[in-house]
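Right, one structure below, let's go through it.
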Amino acid sequence: MPTGCYIYRTAESNFKPKQSRKYGKTSLEWLEWLSHSQNICIKHQFNGKEQRIGHRHLPVDGWCAETKTIYKFHGCFFHGCPCQEEHTNTVNGKSMADLLSTTKKNTTYLKHYGEVIEMWECQWLNMRTSPDIKHFLDSKFPNCNPKWEMTQQQVLKNIVDGNLFGIVECDISVPDHLRTYFAEMQPIFKNANISRDDIGEFMYSYAIKHDILKQPCRSLIGSYYGEK
């Protein structure tokens, strides 16, 4: 099953490919390259859950449990890299000096819990031009051309041909002529808010008798339809 920063397409945009996350792809490149080149397993937000370290629960970009190694990728603009010409971050209003100071303090804190490997964004952008890394990234992260529109028929054909892989988000329903067949157990499972008015006469009486479900409760149910 593929993991990572997925691409999504919607009918509203003529199925143009869009990145699922605006931030984090550059750090993902670095972490995936390290995993590949050093033959190690690095846990990160794109293949699991973001690791948090110590009593401060400080989030880190990558974590290798086998070697107790912490990986931190510093975006230059938000971590106060000396390469920045601006003296102030125009997004959060903090000075570059303060941002760099905070970055260094966090690194010192993290070193109490394991080895810390750091990478600055500007350093990585320079490194990734090397032939070996570029070849790896080109194969791992195919170019996403935002101008590549598709029709619904082309999407379906590419799925059938195996050129597109993923998950389809759509409305789905059981055809009317099959509802009797699925009367015992509806085939579509979804989360929904359930109240006493939704559960039938027998369960309604049970809920009244045992004083439960006084307020709607979100539950996993079987249904004849699901909406995206």
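The sequence shown lines up with residues 1 to 228 when you count with full-length UniProt numbering. Where a beta carbon is used, it is the ideal one built from N, C-alpha and C, also for glycine.
Test item: CB-CB of residue i and residue j under 8 Å
i	j	result
Ile199	Ala207	yes
Lys43	Ala65	yes
Gly114	Lys68	yes
Phe77	Asn92	no
Tyr109	Arg56	yes
Ile188	Trp33	no
Segment limits, beta strand (DSSP E) that includes residue i
i	result
His177	Run containing His177: none; DSSP gives neither H nor E here.
Ala183	Unbroken run through Ala183: none, as it is neither H nor E.
Contact belief for residue i with residue j at Cβ below 8 Å, rounded distance in angstroms
i	j	result
Glu121	Thr107	Glu121 to Thr107, Cβ: 15 Å. No contact.
Met203	Phe15	So it is not a contact: roughly 43 Å between Cβ atoms.
Ile221	Ala183	Going by Cβ atoms, the distance from Ile221 to Ala183 rounds to 15 Å, so no, they are not a contact pair.
Phe136	His36	6 Å
Ala11	Gln152	7 Å
Euclidean distance between Cα positions of residue i and residue j
i	j	result
Tyr225	Gly162	28 Å
Leu58	Gly80	18 Å
Gln123	His74	10 Å
Lys25	Asp61	11 Å
Val155	Phe141	20 Å
Phe165	Ile159	6 Å
Cys170	Tyr8	13 Å
Thr129	Ser27	15 Å
The alpha helix (DSSP H) enclosing residue i, as first and last residue numbers
i	result
Thr108	Met96 to Leu110
His79	Cys76 to His79
Glu85	Counting along the chain, Glu85 falls outside any alpha helix (DSSP H), and DSSP gives it neither H nor E.
Min CB distance residue i to chain C below 8 Å
i	result
Ile212	The chain labelled as chain C is not found in the depicted structure, where only one protein chain is given.
Review point. Are the region 212 to 220 and the region 167 to 176 touching, with three or more C-beta to C-beta distances below 8 Å?
Key: no
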